[in-house]
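Following the numbering used here, the numbering of the first sequence begins with 1 at its first residue and continues without gaps.
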Amino acid sequence: MERRTRVRFAPSPTGPLHMGGVRTALYNYLYAKQKGGDFIIRIEDTDSQRFVPGAEAYIIEALNWCGIIPDEGVDENGKVVEVASDKHPHAPYRQSQRKPIYRKYAEELVQKGYAYYAFDTAEELGKIRAEMEANKQTFIYNYSTRGSLRNSLSLPAEEVARLLEERSDWTIRFKMPEDRTVKMDDLIRGHVEVNTSTLDDKVLWKRADELPTYHLANIVDDHLMEITEVIRGEEWLPSLPLHYLLYEAFGWQETMPRFAHLSLLLKPDGKGKLSKRDGDRLGFPVFPLKWVNAEGEVSRGYREDGYFPEAFVNMLAMLGWNPGDDRELFTMDELIQAFSLERVVMHGAKFNPEKAKWYNKEYLRKKSDHELTKLFKPVLKQHGLTVHCPKCAEKCGVEYRPEPDFATGYFPKAYVQKVVSLIKERATFVADFWDIASYLFVAPKEYVEKDVAKFWKSENVELALQVAEFIKDFADKCGKDGFTKETLEGPLEEYIRGNEWPMGKVMNCLRLALVGASSGLGIADIVTLLGRDEFASRIDAAVANLGK
RNA sequence: GGUGGGUUCGUAUAACGGUUAGUACUCAAGAUUUUCAUUCUUGCAAUAGGGGUUCGAUUCCCCUACCCACUACCA
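In structure tokens:
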């Protein structure tokens, strides 16, 4: 019978979710949605030692920002579900709250002879391990050593009963069989075989805190939650045989999920997996959202750095997966359509921060002027400017004026939108808008030295001032509404060419006065945006500052 | 050390066993533009090495090298 597709993302709340983790969640989500199935969140917090407050909320918020919305495990308010309901039948979704479930499964395995009680302390084992390593030997807790260690297989029954009673630090270990070849299939890597003699008797359950370890909790919960595919990081591949054997021991082979192991995200330079340090070192975020740890150390996030979530998700999707053709730009829906595990590459992908920026640039261009204006407004406010549309002016109890006022730093929203439409092709982030276009809001305070030396020469200045006079006259003639780029452009060019003046030199002279540098929009754009008076005042200021 | 996985331009990747080994990012050059940016065009640049199998190997097999992961009462 065909089972409904159910996949899960099962993070451990030990810190902020790494972008590699986001990619794993994304692939799970894409897979589930394509199959019309469920994407479930489960919190694997069985290690009380490493629990970090706030990490769980961070993970959920990060996924939400990315548009990776769980069907199950997290409610509408972004809280992990603790009480079962129709929509969340397997609650609680936090393993620490599922504590009572696991012990009986662990005991069941002991009963069936697949597991046993072990009484060695971590210290004892550490000592043995150190001794053997000193002799260049490898300690491995399995068939070769378990007979001489303290456990229910080596000790008399009475003593086992006594130790179980008296001590509270024993564990239940899986009895890894000797010399068996486990044959496994991975959705990405194909067939994999491992001989069990190289594996160890993993701890499944700890009496000390009455919690399972990852392996047991994972298998039990995936079974109980009817997971059909497990899509997880490559670091789990070595424990896949254990997981296969566990399903077998429980007699759950029939419904065992299929597995897919994703390669890791690697550092942009050098070797090894991408870590927080690399971001600090190379200057890019490693986390989706900003994170401040207990020591007050801040890690930047893609959101706070100005990335659009769509761009971030698109970039992440293409890191280790491709559609088989040359397409690179995908909406979430398109990703859902196109995604397939078969096209996920096996090898690790070095993260390329430049490409991440390129994606953001592409998405910024796709945004409407209106939306970008909304995003730019707060930046302008930060620089002490006010921006109003008729509606919001009314709301604030301010009089709306349709003309920009450079003296007081007031700008109608329509003006800002016009600016945005002209500069958005030049930017990667909304935050770039200010660097690119501040001169359209405040007069230049200084002039780039190099450009002054190149263009502010008296013979050019003389001509530029004549052109300025022409523009002022033209503006007076046209009136406010007639003074536009379209009306000015032709006559302006004609005027300069008619006089046979050097276009580049004259224009850059003007640009220097208006912008403070020899870069920026076309003169006709700048002048008509600024308006006749602001234009005139900047020309005067330049002459006053730089001379003729 | 052991076990498992991996290896195509600098990076991400494409190529039913037959291609001048493609595309994108980056970089460089040129064109356009009143400057800058954009845009367009062009260029640079790869099958880790060695053996097989085959008429033919980036593709299949073996060996070596290198990289990664795992090797906890962590996930």
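Where is the CB? At the ideal position from N, CA and C, for every residue including glycine.
Computed from a prediction, not measured in an experiment: that's the story for all the values here.
- Taking a C-beta distance under 8 Å as the contact criterion, Lys485 and Ala536 do not qualify as a contact pair.
- Bounds of any beta strand (DSSP E) do not take in Thr487; it lies within the alpha helix (DSSP H) bounded by 485–498.
- The shortest CA-to-CA distance from His18 to any of Cys392, Lys99, Ala55 is the one to Ala55.
- Using a Cβ-Cβ distance cut-off of 8 Å, the region 317–332 and the region 444–455 are not in contact, since fewer than three pairs of beta carbons, one from each stretch, lie closer than that value.
- In the DSSP annotation of this structure, the continuous segment of the alpha helix (DSSP H) that includes Gly504 starts and ends at 503–515.
- Runs of alpha helix (DSSP H) with 4 or more residues, each lying fully within the region 377–405, are found at 390–396, listed in chain order.
- By the Cβ criterion, the region 407–419 is not in contact with the region 492–505, since fewer than three pairs of Cβ atoms, one from each stretch, lie closer than 8 Å.
- According to the DSSP assignment, Tyr247 belongs to the alpha helix (DSSP H) that extends over 240–250.
- Arg129 has its alpha-carbon roughly 18 Å from the corresponding atom of Ser197.
- DSSP places Gly301 within a strand segment (E or B) once states are collapsed to three.
- Listed in chain order, the non-local C-beta contacts of Asp476 below 8 Å within the same chain comprise Arg532, local neighbours out to five positions each way being set aside.
- Asn151 sits in a strand when the DSSP states are folded into three classes.
- About 17 Å separates the beta carbon of Leu335 from that of Gly20, a gap too long to meet the 8 Å contact definition.
- Residue pairing from DSSP places Arg94 in a beta bridge opposite Ile43.
- Secondary structure of Met184 (DSSP, three-state): strand.
- For the pair Glu166 and Arg207, the Cα-to-Cα distance works out to about 12 Å.
- C-alpha of Arg401 to C-alpha of Ala437: approximately 22 Å in a straight line.
- Excluding its 5 nearest sequence neighbours in each direction, Lys33 has C-beta neighbours in its own chain below 8 Å: Phe39, Ile336, listed in chain order.
- By the C-beta density criterion, Ser148 is exposed, having fewer than 16 other C-beta atoms within 10 angstroms.
- Sorting Glu459, Met184, Pro412 by C-alpha distance to the C-alpha of Phe441 places Pro412 at the top.
- Here the C-alpha atom of Ile539 lies approximately 25 Å from the C-alpha atom of Val387.
- Taking all protein chains in view, the Cβ of Asp221 is crowded by 16 or more other Cβ atoms within 10 Å, so the residue is classified as buried.
- Cβ-Cβ separation between Ala311 and Leu204: approximately 43 Å, too far for a contact (criterion under 8 Å).
- Membership of His223 in any beta strand (DSSP E) is not indicated; the residue belongs instead to the alpha helix (DSSP H) covering 214–224.
- Taking C-beta atoms as the reference points, Leu262 and Thr46 fail to come closer than 8 Å.
- Counted as a single uninterrupted DSSP element, the alpha helix (DSSP H) harbouring Arg103 occupies residues 99–111.
- Excluding the 5 residues flanking it on each side, Ala118 has same chain C-beta neighbours closer than 6 Å at Asn151, Thr171, Arg173, in chain order.
- In the structure shown, Leu17 falls within a coil segment according to DSSP collapsed to helix, strand and coil.
- Where Asn77 is concerned, there is no enclosing alpha helix (DSSP H), because DSSP gives it neither an H nor an E.
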